[in-house]
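K.L.:
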Amino acid sequence: MTSTCLQLHQRLLFDLAAGQVLDGPRRYVLMRADVLMGAFDHLPQPAREQALQALGTSVTRFGADSVRAYLAQVGPDALLQAMVQGSASLGWGSWTFRRDGTGLWLEVRNSPFAAGSRHRDGGPVCHAIAGMLEAVAQTLEQAPMRVREVRCAACEEPGGPAICLFHARPASPEPAH
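Position one of the sequence shown corresponds to residue 12 (the numbering used here), numbered consecutively onward.
#1: Could you round the C-beta distance between residue 130 and residue 52 to whole angstroms and report it? I think they count as a contact, below 8 angstroms.
#2: Comparing the CB of residue 150 with every heavy atom of the ligand ZN, is any distance shorter than 7 angstroms?
#3: Mapping DSSP to helix, strand and coil, what is residue 107?
#4: Have a look at residue 14 and residue 94 and give me their C-alpha separation to the nearest angstrom.
#5: Give me the residue from 176, 178 and 122 with the minimum Cα distance to residue 101.
#6: Tell me which residue opens and which closes the alpha helix (DSSP H) that residue 145 is part of.
#7: Mark residue 135 as exposed unless 16 or more other C-beta atoms lie within 10 angstroms of its C-beta, in which case mark it buried.
#8: Take residue 190 and list the residues in its own chain whose beta-carbon comes closer than 8 angstroms to its own, dropping the five residues that flank it on each side.
#9: Throw me the rounded Cβ distance for the residue 164 and residue 174 pair, which I believe falls under 8 angstroms.
#10: Nearest-angstrom Cα distance between residue 116 and residue 58?
#11: Would you call the stretch 21-37 in contact with the stretch 105-114, where contact means no fewer than 3 C-beta pairs closer than 8 angstroms?
#12: So, helix, strand or coil for residue 129, using DSSP?
#13: When the distance is taken between beta carbons, is residue 138 closer than 8 angstroms to residue 47?
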């Protein structure tokens, strides 16, 4: 972000009288990662996967509002840096973006979703981050994008590297019926 713009954690307004945390018109909620992910951990498959996917879809839909606000504030050239700073401010881990000919890659160190999940054999759990990456990529590309979590720290052995890897690429056209 530019030096005249406050980082997200500096902009958050803790309105104690109303019991809310705000960044302008956007309301946030602070919650322990293990509490959130514990709800998913207690669901049987496939309900667990469906609920995680629903969370990711919701983040894409509503997180796009935050992405558009950041874009208006900093411009397209600084959007990815704003997302790196915003994710750190919200406790969503340490993000690093890179582009290549296949799309946009996101490496996340210390994902709260992976750290909060007790499942180690149920597949990736960072659907919320995938949802936010989808919102970012679609905003930047002005086109539908698909995101896949290529590697999830929740699937690694405890004590291993706490790194998750995501790939955003253009969405394939839907087949005609």
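C-beta atoms are modelled at their ideal positions from N, C-alpha and C, and glycine is treated no differently.
For clarity, every value in this text was computed on a predicted model and none was experimentally measured.
P.N.:
A quick look at the data gives this:
#1: About 6 angstroms separates the two Cβ atoms, so the contact holds.
#2: This structure lacks the ligand ZN; in fact it carries no ligand of any kind.
#3: In the structure shown, residue 107 adopts extended strand secondary structure according to DSSP, grouped into three states.
#4: Low local confidence applies: a pLDDT of 38 at residue 14 is under 50, so the model's placement there is unreliable, and no value is given.
#5: The alpha carbon of residue 101 has as its nearest neighbour, out of 176, 178 and 122, the alpha carbon of 122.
#6: First-last of the alpha helix (DSSP H) with residue 145: 138-152.
#7: By the 10 Å Cβ count, residue 135 comes out buried.
#8: Here the chain covers residues 12 to 188 and nothing more, so residue 190 does not appear.
#9: Their Cβ separation, rounded to whole angstroms, is 6 angstroms, which keeps residue 164 and residue 174 in contact under 8 angstroms.
#10: When rounded, the distance between both Cα atoms is 28 angstroms.
#11: These segments do not touch.
#12: Three-state DSSP puts residue 129 in coil, outside helix and strand.
#13: At least 8 angstroms separates the beta-carbon of residue 47 from that of residue 138.
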